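Engineer:
Residue numbers (mature numbering (1 follows the signal peptide of the UniProt record, and there is no 0)): -19 to -1, 1 to 110.
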């Protein structure tokens, strides 16, 4: 049993090391890029690979949606989080994430998936010791 848990943890860590892709589009030039998001209508040219220290980002500035790459330093809400601000009276919501095509998923789904994974790992570690 201990070996299975160790193997699962190693497999989980591999996902953090491997590269992932992000959508790179905006709702002005590509309507499918807005909310609701339509991944089937996004051309493959609007999918880019994240480099080292890069994450996927989704921002909503006054209703205009942009999905792109960002550096981990510029993620004001954290690497897997969101931040809302209203500079000059314009609502701005920025979310960052670090899994494959995650900036095409609503933020609530990202948090639910992360919570589920953390719960599963906690349960496995608890039963291991």
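Heads up, the beta-carbon is just placed ideally off N, CA and C, and yes, glycines get one too.
Source: prediction; values computed, not measured.
Go through its chain and collect everything with a Cβ distance to residue 15's Cβ below 6 Å, but skip five positions before and after it.
Structural biologist: So the list reads 8, 46, once near-sequence residues are dropped.
Engineer: Residue 23 bridges to which residues according to DSSP?
Structural biologist: Bridge partners of residue 23: none, in fact.
Engineer: Quick check on residue 73: does DSSP put it in helix, strand or coil?
Structural biologist: Residue 73: strand per DSSP, three-state reduction.
Engineer: Using DSSP with H/G/I as helix, E/B as strand and the rest coil, what is residue 54?
Structural biologist: Helix.
Engineer: Assign residue 30 to buried or exposed, taking buried as 16 or more other Cβ atoms, counted over all protein chains shown, within 10 Å of its Cβ.
Structural biologist: So residue 30 counts as exposed.
Engineer: Name the two residues that bound the continuous beta strand (DSSP E) containing residue 42.
Structural biologist: Unbroken beta strand (DSSP E) run through residue 42: 35 to 42.
Engineer: Among the candidates 39, 79, 21, whose CA atom is the shortest distance from the CA of residue 64?
Structural biologist: Comparing Cα-Cα distances from residue 64 to each of 39, 79, 21, the minimum goes to 39.
Engineer: Starting from residue 66, follow the beta strand (DSSP E) in both directions and report where the run begins and ends.
Structural biologist: 63 to 66 is the span of the beta strand (DSSP E), which, as asked, contains residue 66.
Engineer: Residues in the same chain with beta-carbon distance under 8 Å from residue 23, minus the five sequence neighbours each way, listed in chain order, please.
Structural biologist: Taken in chain order, the residues that qualify are 4, 6, 11, 13, 14, 85.
Engineer: Identify the continuous beta strand (DSSP E) that holds residue 29 and give its terminal residues.
Structural biologist: Residues 28 to 30.
Engineer: Quick check on the burial criterion: 16 or more other C-beta atoms within 10 angstroms. Buried or exposed for residue 75?
Structural biologist: Answer is buried; the Cβ neighbour count reaches 16.
Engineer: So if DSSP puts residue 11 in a beta bridge, which residue, or which two residues, is it bridged to?
Structural biologist: Paired residues: none, contrary to the question.
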